[in-house]
Each structure stands twice: as structure tokens, then as C-alpha cells.
Amino acid sequence: MVRRQGKNGQTVNGNFYHRLDEAMAAAADKLALVHPDGTGLRYDALREQARALAGALEAAGVRSGDRVLVQVDKSMTCVATYLAVLRLGAVYVPLNTAYTDVEVDYFVRDAAPALFLHEASRELEGALLATLAEVECRALPLGRLPEDAPGEAGMDGTLVSARVALDTPPASLADDALAAIVYTSGTTGRSKGAMLSHRNIESNARTLNELWGWRADDVLLHALPIFHVHGLFVALHCALLGGSIIRFLPRFDAATVCAQLTDSTVLMGVPTFYTRLLDLPQFDRAAVATMRLFISGSAPLTEITFAEFEARTGQRILERYGMSETLMITSNPLEGARIAGTVGPALPGVETRIAGDDGQPLPAGEVGTIEVRGPNVFSGYWRNPEKTRAEFREGGFFITGDLATADDTGRIAIVGRSKDLVISGGYNVYPKEVERLLDALPGIAESAVIGVPHRDFGEAVVAVVVTASGAAPPDLATLRAALADQLASYKQPKAVEVLTELPRNAMGKVQKNLLRAQFEGLFAT
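Numbering (our numbering), first residue to last: 1028 to 1552.
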């Protein structure tokens, strides 16, 4: 195990919560999380809520190293619960709130958590309850802190209502101890849990905090979900370490975000945020007068959006690049050239290379796969050693699967993906998972799922299907209705196209590149 040594040779607690606790204590009398109406939670109260919720988790049977599966709406309570899980030394496993019970069932079986936290209003279905019992996982509604929802706070039977005093310090851990498991699907459709250590998340948070010039007087406008690496590990960690105010929006709404910009200094978003802001006539230089930094990630930012944004606001979006498995890998600079279509060089302390199929580095300008090594890179996939071995080189470089070029300064430009991943609105959609469900529907002989350009979402999911003999072509509404209970809405097709056959190469593999070319103008305006 990796042990950190302090200046006096003493072992330092590797639990990242310890660093967050120090930062929150230093900012104790400042507002931490603020609702749009101005009410909120101070840093001293956030520390206390995390301490009390850690006690409730312990009383519920959670121990250091146990997994805590969390599928709840974005709230201040959820932030405090995340901090509580870290404090206790347990492992945080966030789930997209759009996942259906059928999807959640898989994660329960795979993660084998000690506790599943869900919304108080949610009724768990019989099959999921049976799976929870099978893996001996307790299910509890989270509830709401008084600052979140006064009418709901203290409801009997929730984790919040069970808050207890806990005077023990944060769990003492080695920094390679597991902090979180973030599930990311593969092209086979089977979700994989990326294991992130305290060292992974702390090294990335400290690097970004410094690289992006984080200041104590910064005000982060937070409109991202917090079940995702971007909103949870990138945005929140930077602000918490900086002791900054976080304007905490439940979701992205362009008009609300535009209005809140006048009291903010930093916005982190996906490209969809910026295209929708540009659709507003009131979004102009005056609206961003207090802003010092706009950051984009989770999906490629088009050069058109980059240019339109600069023309409208006078500011250049800072684009960066990362993955669930590695957190952030590269970033355009805070000071210096931010070049449209590039994601910048590797972060300090992180190594990147553009490699061929044999893993050998390629010369500048040649297209190859991005490979990365550093303290930000995960240790592997949960309970999947075969996949872990397949994704790492002998020298420790992780194979991202993203195709790119690098110039002679190391600045990276992503040109495509070697896998068939679709990124829609900043969320990953893996075609095989959707195709498996489409192919099981009556009247569909086979399908191919692709992503095509979409101004709002970056990419839109399109189902290309071949109907069974004599079957009527499916319409989009019918198809989406059939998938509603099995697939999160963002994964569902936004268009369906019917062909007599799918294009294939000599080996029988569907040529999705031809389909993407055929339908690339489907959403053109």
C-alpha cells in the first residue's frame, strides 16, 4: 500500500476527506452551497452535516471499505452524504438518476454494496428488492437536510433523520485506498466499475485547483449533475478546496444560468450548456461581466461554438479532456493560447502519448490512440481483472481508446474514437447496450446504433434498423415507449431510420462509419 510521509517522517492520513475537512474548517464562516434564492449552507454547517451523516452511515452498518450505492436527485444533502462516505472510509458509488430499476439491479449485483440510498418518494420494485436481499444490501431513503427542504427534513426512516454524533476523526487510510467506483459502459454493453483511489481524486483536484487559478473569492455556478465525474470530482472538489461559494442549481436551465452569471466567476459545463446559452438574446458581454472562466468538457466542443461564444462574450472557453477512469488528463491553459479543436497538453505530473496499435509512440502529427500514465489513473475495473489487463500497457499506460494527434509541444487534438461510443449531452451512450434491446423488439431483425452531429447535444443517438419480413417499419414514439422501462431516456434514440440491410465489410462487421456518413445531416438546420 502507498503511504504518504509528512515533513517530519510521520505517516500522513491518505483519506482525501482529511484535506477537504481542513479546507472547509479554514472557510468555516463562509457560505458553501447556495440556492438560487440566496439561502444555503455555510462551510461549518457542511462539516457538521458530513460528520453527523457519517455517524448515521455507521449506525446503518456501513464500515470502512464498504460500498455505498447512491441514486438520488442533486441536492445539498447529497453533497454532505458524499463527504460523509469519504469521512467514514467507505466507497462512494454514484448512479445516474435516469437509470431504471432493471439497470440498477445490475449495479447492485456487481458492486455488492452494504447500503443503497434512494429518493424518499421512490418505491422499489419487487425484483430489485429481491436482489437487494440476495446481496444483503440495506436500502434507505436519503431524506433532506433542513437547508434543502424544510418540509421534508427529519422524516422518519431516512438517513437524514438518523443522524448521530460521531466524534471520531476521519478514517485513517492509505492514499491508494478505494474512494469511489464510477460505472462506465463498454462497447459490449456490460458496465464496468472504474476504481478510483483517494490518491487519484486528490492529485487531480489539487492540480486543477492550481492550474485553473482557483481563488477564495471565486463563485462557482454549478449546474452539472453530481452522479458524474465532471460535476462531482472536477467542479465540487475545486470549489471545496478553494473554500469558494458554490451557487448550486438543481439542473441546467439556460435562462436561470444566464441570470446567475452576474454573481458568479466560474462555470463548468458540457458543450450543450454553451449552445443553449448562445440561443438566448440576453446572453452577451454584460451578462458575463463578472465571469473569469468558462470550462467545457465531457464531450467535444465544436469550433463553431467556440468561435460564436468568443464573438458574443469576448471570452474564450477553456476546453479540457478526461475520462471516468482517469479524471482529467489535459487542459488548455488559463494563461496562454486556448485553441479551438484542441484540449491542450497533459496536466502537470501526467504523461500522455499518442501510440500505434503496438503501443509504440508515434511522431508528432500522426493519428493514434491517447495513452496516459500518472497519479490520476485508476487502478482497474471492479471485479474485472481481464478487462483491466487488456486496457493497460506493461509500462502502466492506460489505453483510452480515443484517437488524436499531438503537435511537437504536446498539445492534443482529438480526431475520433476507436470505439463506437456516442456522447450525447455530455453522457456516454454505448451502442451495444441499446442494440441488444432493439433487436429483442418484435418486428426488428437487426439494428445499428450510431451518433450523428446535433447542435444542442453534440451527438444524437440514431437507431438504424432492418425490419423483419412482413413487419411494419417502427416509428420513433413506439420504439421509445418500448424502451422506456429498460433504458435511461438519454440513451434512447432521437431518430429511427429503416434500411433493407446494414452495410458490412468482408468480415461481416457492420460499417458504422458509412452509416454515420449517410445520416450526418439528419439534424442539420
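C-beta atoms are modelled at their ideal positions from N, C-alpha and C, and glycine is treated no differently.
In the DSSP assignment, Met1222 forms a beta bridge with Ile1208 and Gly1407.
The Cβ atoms of Val1191 and Ala1107 do not sit closer than 7 Å to each other.
Between Ile1426 and Ala1433, the C-beta spacing is not below 7 Å. In this structure, Pro1458 keeps its C-beta atom at 7 Å or more from the C-beta atom of Val1489. The region 1354-1363 makes contact with the region 1227-1241; the number of CB pairs closer than 8 Å reaches 3 or more.
Within the model, the alpha-carbon separation for Ala1050 versus Asp1056 is close to 12 Å. Below 8 Å, too few C-beta pairs join the region 1168-1175 and the region 1120-1134 to call them touching: fewer than three.
When beta bridges are read from the DSSP output, Gln1342 appears opposite no residue. Pairing Glu1398 with Ala1382 gives a Cβ-Cβ distance under 7 Å. Here Gln1309 carries a coil assignment [DSSP, helix/strand/coil]. Straight-line measurement puts the Cα of Ala1281 at about 6 Å from the Cα of Leu1304. Shown here for Glu1152: same chain residues with a beta carbon closer than 7 Å to its own, the five before and five after excluded, namely Asp1128 in chain order. Here Ala1262 is near Leu1251, since their CB atoms are less than 7 Å apart. Phe1424 carries a coil assignment under DSSP once its states are collapsed to helix, strand and coil.
Shortest Cα-Cα distance from Asn1040 to any of Glu1146, Asp1483, Asp1202 and Glu1130 involves Asp1202.
Distance from the CA of Thr1329 to the CA of Val1493, rounded to the nearest whole angstrom, comes to 32 Å. No Cβ-Cβ contact shorter than 7 Å links Leu1510 with Leu1549. In this structure, the beta-carbon distance from Val1131 to Arg1094 does not fall below 7 Å. For the set Arg1046, Thr1505, Asp1483 and Leu1068, the Cα lying nearest the Cα of Thr1302 is the one of Asp1483. Per DSSP, Met1318 is not a residue of any beta strand (DSSP E), being assigned neither H nor E. Restricting attention to beta strand (DSSP E) runs no shorter than 3 residues, the region 1478-1530 encloses them at 1485-1494 and 1522-1525, ordered along the chain. Taking 7 Å as the cut-off, the beta carbon of Asn1042 is found closer than this to the beta carbon of His1225. Here Leu1060 really is in contact with Leu1073; their C-beta atoms are around 7 Å apart, less than 8 Å. Short of 8 Å from the beta carbon of Phe1333, and not among the five residues preceding or following it, lie these beta carbons of its own chain, in chain order: Arg1343, Ile1344, Glu1346, Ala1367 and Gly1368. Between Arg1274 and Gln1287, the C-beta gap is smaller than 7 Å, which places the two residues in contact. Thr1317 and Tyr1348 have their alpha carbons spaced roughly 25 Å apart.
Taking each of Arg1165, Asp1290 and Pro1308 in turn and checking the Cα distance to Ala1141, the smallest one comes out for Arg1165. Note on the region 1138-1181: whole alpha helix (DSSP H) runs with a minimum of 4 residues are 1153-1161, in chain order. Shown here, Thr1357 sits in a strand according to DSSP, grouped into three states. Around Pro1501, the same chain offers Leu1468, Gly1470, Ile1471, Val1492, Thr1494, Val1523 and Val1525 as residues with beta carbons nearer than 8 Å, after the five sequence neighbours per side are excluded. Rounded to the nearest whole angstrom, the C-alpha separation of Leu1361 and Leu1276 is 25 Å.
In the three-state scheme derived from DSSP, where H, G and I count as helix and E and B as strand, Gly1082 is classed as helix.
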